[in-house]
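Novice:
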C-alpha cells in the first residue's frame, strides 16, 4: 500500500529510459504561522455563489492549515454556527462581522472590517 502512495505524487513523469533517474518529489512546504499581532486579517460579508445566503469571510491568515482550522473552530463555537476553514480563509455561516472582529481583537489579532 505504501508503494501506491509513492506513485501518487508523480507529477508529469510518464516514463524515463535513464537508469540513474531519481524522481524529485514535490513536498508541500507549509508556511510558519505568524503571531496574532503580526496577522493582518480582513472580515467581510459575502453571498456570491452561495444561493443568496450570507457568510462572514475572514481572509489573510498566514500559517499552517491546522492553526487556521483551530481558529475557525473557536470562531464557529463562539458564534454558535457552522462554517469551514480552508485555503487561508474561514467561512462563518451568517452575518457575524461585528462579533468576529471583536473576538479576533480580544485574541490579539490585527483585524479590519472590509467590504460594504
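Numbering (our numbering), first residue to last: 5 to 120. Ideal Cβ positions, reconstructed from N, Cα and C, are used throughout, including at glycine. In this text, all values refer to a predicted model and were calculated from it rather than measured experimentally.
#1: Does the distance from the C-beta atom of residue 97 to that of residue 85 stay below 8 Å?
#2: Taking residue 59 as the reference, give the member of 67, 50 and 26 with the closest Cα.
#3: Starting from the Cα of residue 117, find the closest Cα among 48, 24 and 22 and give me that residue.
#4: Name the two residues that bound the continuous alpha helix (DSSP H) containing residue 71.
#5: State the start and end residues of the unbroken alpha helix (DSSP H) segment that holds residue 46.
#6: Could you check the C-alpha separation between residue 23 and residue 70 for me, to the nearest Å?
#7: At what residues does the beta strand (DSSP E) containing residue 93 begin and finish?
#8: Using DSSP with H/G/I as helix, E/B as strand and the rest coil, what is residue 114?
Specialist: Taking the structure as given:
#1: Position 93 of the chain shown, counting from 1, holds the residue named residue 97. Position 81 of the chain shown, counting from 1, holds the residue named residue 85. Taking 8 Å as the cut-off, the Cβ atoms of residue 97 and residue 85 count as close.
#2: By one-based count along the chain shown, residue 59 stands at place 55. Here the closest residue by C-alpha is 50.
#3: Translated into the one-based positions of the chain shown, residue 117 becomes position 113. The candidate whose alpha carbon is nearest that of residue 117 is 48.
#4: In the chain shown, residue 71 corresponds to position 67, counting from 1. It spans 69-83 - the alpha helix (DSSP H) in which residue 71 sits, taken as one unbroken run.
#5: As a first step, residue 46 must be located in the chain shown, where it is residue number 42. For residue 46, there is no enclosing alpha helix (DSSP H); the residue is part of the beta strand (DSSP E) that begins and ends at 44-50.
#6: Translated into positions along the chain shown, residue 23 becomes position 19. Translated into positions along the chain shown, residue 70 becomes position 66. Counting only the Cα atoms, residue 70 lies some 40 Å from residue 23.
#7: Here residue 93 corresponds to residue number 89 of the chain shown, with the count starting at 1. Counting along the chain, the beta strand (DSSP E) containing residue 93 begins and ends at 93-97.
#8: On the chain shown, residue 114 is found 110 positions in, with the first residue counted as 1. Residue state, collapsed to three classes: strand.
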